[in-house]
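Some notes on the structure that comes next.
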Amino acid sequence: MLPQLARRLGLMVFTVWGALSLTFVILRIAPGDQATVQLGPEATAADVAALRTELGLDRPVFLQYLDYLGSAVTGDFGESYRFHDSAMTVILDRFPATVVLALSATVLALTVGLLLGVLAGRSPGRLTDRVISGCTLVMQAIPPFWSGIMLILLMALTLRLLPSAGSGDLEHLVLPAVTLAIPFTALVARITRSSVAEVTSEPYIQTARSKGLSERAVLTRHAVRNSVIPVVTMVSLHIGTLMGGAVIVEQVFAWEGVGSLLVSAVGNRDYAIVQGATVLIAIIVVTMNLLADLVNARLDPRIRAGVTS
Amino acid sequence: MTAMGLVHDTALPVRTGRGTLRRVLGAIPIVVFGLYVVAGLFGPLVVDYTPVEGDLDDRLLSPGSVLTDGSTALFGTDALGRDLFGQVLYGARTSVIIGALVVLFSGLVGIAVGSAAGYLRGTTDVVVSRVIDVLLAFPGILLAIVIAGVFDRSLAIVVIALSVTNWIGFARLSRSMTMSLREREWVKSATVMGIRRRRVVTRHILPFIAGPTLALATIEFAGAILAEAALSFLGLGLPAASVSWGQTIASGKEYLASAWWISAIPGIALAVLVICVGFTGDRLTRHFGRRQ
Chain A
39 MLPQLARRLG LMVFTVWGAL SLTFVILRIA PGDQATVQLG PEATAADVAA
89 LRTELGLDRP VFLQYLDYLG SAVTGDFGES YRFHDSAMTV ILDRFPATVV
139 LALSATVLAL TVGLLLGVLA GRSPGRLTDR VISGCTLVMQ AIPPFWSGIM
189 LILLMALTLR LLPSAGSGDL EHLVLPAVTL AIPFTALVAR ITRSSVAEVT
239 SEPYIQTARS KGLSERAVLT RHAVRNSVIP VVTMVSLHIG TLMGGAVIVE
289 QVFAWEGVGS LLVSAVGNRD YAIVQGATVL IAIIVVTMNL LADLVNARLD
339 PRIRAGVTS
Chain B
1108 MTAMGLVHDT ALPVRTGRGT LRRVLGAIPI VVFGLYVVAG LFGPLVVDYT
1158 PVEGDLDDRL LSPGSVLTDG STALFGTDAL GRDLFGQVLY GARTSVIIGA
1208 LVVLFSGLVG IAVGSAAGYL RGTTDVVVSR VIDVLLAFPG ILLAIVIAGV
1258 FDRSLAIVVI ALSVTNWIGF ARLSRSMTMS LREREWVKSA TVMGIRRRRV
1308 VTRHILPFIA GPTLALATIE FAGAILAEAA LSFLGLGLPA ASVSWGQTIA
1358 SGKEYLASAW WISAIPGIAL AVLVICVGFT GDRLTRHFGR RQ
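Protein chains in written order, with this note's numbering: chain A, 39 to 347; chain B, 1108 to 1399.
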């Protein structure tokens, strides 16, 4: 386990470095550097040149890259010209809102998704399964920005139960969390379904049944426990999708998280924020993937022992 | 990241019976998908719609209203008095074209990279795997947002932005298939006969990858359409003069209380297309027998 873990950590560092470099390259080859963007079209060439010197943009690209890597390691992505503050401070300020949104959506999706998946998977091909599978298919096909707007239409404008936009308290959290959870619930349900369906045909389930265990005990103690492993793997692989969805959902509901910050920063070409937020999200995704692998190893002794089945 | 392997949604055999009805029902998604493609390609030739012109007297009319010029707006009109039916039709064209370009482009790149990695193994494979690891650290839509956002808006940029992560699926599929195929008898015989590597790959490996790749392409097509809609919803898609479902949905958000149809209808059009493409993809996946 230990050498495996060390290898994984090494790969993780490499991936984060790759993410940092990729972001640097994209913003480098984009038309117009930070100085021209910041000063606008009316600026004189002299002003632009002065700011460029001030920001260090006139130095060789490779030196800028090293500099960027060096400061990024300490969490410094430069100053946001829109907020007149360190980009990291602005991002971290918005970070808790995104965590709250993503976590509540995950909890919601896991609870509902596992339930639906087990219900469907224990009787494949039956009516319950058909209905649930149909629903999950639709849930995965609706784009979150549209389902979000439709929820606003229904819950906020027609029924007047919840606020349509803004962030802060629990009332504001419900609609964005549900919107974000919809495709994720479908994903969890679909994986759980096929996993439970597959596990229930395994010999050890037959054994459990034939030794007289109640159906409930067979399901909870033997089937579900083993079907959870692929669910954890798949969910962790989709943490990225979840974060991506959060970016859009935040924008729909004016939820003040990192996602909506990033979208507006892209629009304003506030490169310090763009770099910081992108790299932060990448780090979260990579860390979550690693954690999920560790959880998997705890759940499945075969992985812990390094045995590939 | 790739070490633990992927667990896929495995389709279980459904009980057979009532064959004909099932076959007819099963064909519906494929037919609807085809209708979208036809509507997207030829609809604009039949229905006259200009995204810039609209009669302000016809603002925010509900679906089925009669316009000042005597025609009926089947889906209603938007805030500038433009016919929503035309917008949905032109939006279908945008979606289908961008989806097809993204799948074509990323499919070609993915197959080339994946089969090279699977066939050559060694350093090539390691490099490819690491590049994929790095790209997977970003949510696909995030990279698309950043790329589409910082470059000037154009069709090429949208296609590139969406392809940056889209090719990974193709690369993984062709990599794993090439790896097992290269150990098969006929490939070994061809190699022993002294046939050049490139020819071995193109003649004796790629034909076997084609089927599952087609199934994957269908699914990726649906993903590309959703992602394009998300980009244009955020205002980062095609130039403003072009019509796209995402754009229409976003523009309707302001008028949600008075004119729900502006946002609702293009979204339904989008979801129905994605569902039908998804069904078609599942059918193809089952047909090609590979549990993907």
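Ideal placement from N, C-alpha and C gives every residue a C-beta, glycine not left out.
Around the C-beta of residue i, are 16 or more other C-beta atoms found within 10 angstroms, so that it is buried, or is it exposed?
| i | result |
| --- | --- |
| A/D167 | buried |
| B/H1394 | exposed |
| A/W184 | buried |
| B/L1152 | exposed |
| A/A44 | exposed |
| B/W1274 | buried |
| B/E1335 | buried |
| B/Q1354 | buried |
| B/I1135 | exposed |
| B/T1387 | buried |
| B/W1293 | exposed |
| A/T258 | exposed |
| B/R1189 | buried |
| A/S347 | Residue confidence for A/S347 is low, a pLDDT of 39 falling below 50, so the modelled location carries little weight; the figure read from the coordinates is stated next. Flag for A/S347 reads exposed. |
| A/G78 | exposed |
| A/H122 | exposed |
Counting only the same chain and skipping the five closest in sequence on each side, list residues whose C-beta sits under 7 Å from that of residue i.
| i | result |
| --- | --- |
| A/L58 | L107, A110, V317 |
| A/M177 | I220, P221, T223, A224 |
| A/V212 | L200 |
| B/F1212 | V1266, S1270 |
| B/L1391 | L1321, A1322, T1325 |
| B/A1297 | V1307, H1311 |
| A/E209 | L200, P201 |
If residue i and residue j are in contact, beta carbons under 8 Å, what's the gap, nearest whole angstrom?
| i | j | result |
| --- | --- | --- |
| A/V197 | B/A1364 | Here residue 197 of chain A turns out to be Leu, not Val, going by the sequence shown. Rounded, the Cβ-Cβ distance is 13 Å, inconsistent with contact. |
| A/I322 | A/M281 | 7 Å |
| B/V1216 | A/G56 | Contact doesn't hold; Cβ gap of about 18 Å is too wide. |
| A/S155 | A/V270 | The amino acid at residue 155 of chain A is misidentified as Ser; the sequence shows Gly. A/G155 to A/V270, Cβ: 13 Å. No contact. |
| A/V383 | A/I311 | Nothing can be reported for residue 383 of chain A: it is not among the residues displayed for chain A, which extend from 39 to 347. |
If you drop the 5 nearest sequence neighbours on each side, which residues of the same chain put their C-beta closer than 6 Å to that of residue i?
| i | result |
| --- | --- |
| A/A219 | A143, L146, A147 |
| B/A1110 | Bear in mind that a pLDDT of 36 at B/A1110, under 50, signals an unreliable position, so the number given afterwards is only what the model happens to contain. Counting only Cβ-Cβ distances below 6 Å, and skipping sequence neighbours, we find nothing. |
| A/R307 | V75 |
| A/E162 | Note that residue 162 of chain A is Pro in the sequence shown, not Glu. Hits under 6 Å: A235. |
| A/V345 | Residue placement at A/V345 is poorly supported in this model, since its pLDDT is 49, which falls under 50; the coordinates are not used for a value here. |
| A/R30 | Residue 30 of chain A lies beyond the stretch modelled for chain A, which goes from 39 to 347, so this question has no answer here. |
Would a C-beta distance cut-off of 8 Å place residue i and residue j closer than the cut-off?
| i | j | result |
| --- | --- | --- |
| B/A1251 | B/A1268 | yes |
| A/P201 | A/V287 | no |
| B/V1235 | B/T1325 | no |
| B/P1346 | B/G1198 | no |
| A/Q289 | A/G278 | no |
| B/V1209 | B/S1261 | no |
| B/I1382 | A/L175 | yes |
| B/I1332 | A/V285 | no |
| A/N327 | A/I267 | no |
| B/A1255 | B/G1344 | yes |
| A/V256 | A/R247 | yes |
| A/V324 | A/M126 | no |
| A/V304 | B/V1253 | yes |
| B/V1203 | B/F1182 | no |
| B/W1352 | B/L1313 | no |
In chain A, which residues lie less than 8 Å from residue i when you measure between Cβ atoms?
| i | result |
| --- | --- |
| B/D1240 | L49, F52, T53, G56 |
| B/F1182 | Those within 8 Å of B/F1182 in chain A number zero; the least Cβ separation is about 15 Å. |
Cβ closer than 9 Å: which chain A residues qualify as neighbours of residue i?
| i | result |
| --- | --- |
| B/L1377 | A179, I180, P181, W184 |
| B/G1374 | I180, P181, F183, W184, S185, I187, M188 |
| B/A1278 | The premise fails here: B/A1278 is roughly 16 Å from chain A at the closest Cβ pair, so nothing lies under 9 Å. |
| B/L1132 | Near B/L1132 there are no residues of chain A at all, since even the closest Cβ is about 12 Å away, more than 9 Å. |
| B/G1247 | G278, T279, G282 |
Residues of chain B with a CB under 9 Å from the CB of residue i: which are they?
| i | result |
| --- | --- |
| A/T144 | By Cβ distance, chain B contributes nothing, its closest Cβ being about 14 Å from A/T144, past 9 Å. |
| A/Q289 | F1340, L1341 |
| A/V312 | V1253, G1256, V1257 |
| A/L191 | L1363, A1364, W1367, S1370, A1371 |
What residues of chain B sit near residue i, judged by a beta carbon separation below 7 Å?
| i | result |
| --- | --- |
| A/P69 | F1258, D1259 |
| A/R307 | V1257 |
| A/L175 | I1382, G1385 |
Identify, in the order they occur along the chain, each residue of the same chain with its Cβ nearer than 8 Å to the Cβ of residue i, setting aside the five sequence neighbours on each side.
| i | result |
| --- | --- |
| B/I1316 | I1218, S1222, L1280, S1281, M1284, T1285, L1288 |
| A/A292 | A203, G204, S205, S298 |
| B/E1361 | A1186 |
By the criterion of Cβ-Cβ separation under 7 Å, what are the contact partners of residue i in chain A?
| i | result |
| --- | --- |
| B/A1244 | T53, A57, A320, V323, V324 |
| B/S1281 | Going along chain A, no residue has its Cβ under 7 Å from B/S1281, so there is no contact; the nearest lies around 19 Å. |
Anything in chain B within Cβ reach of residue i, meaning under 8 Å, just list it in chain order.
| i | result |
| --- | --- |
| A/V304 | I1252, V1253, G1256, V1257, L1343 |
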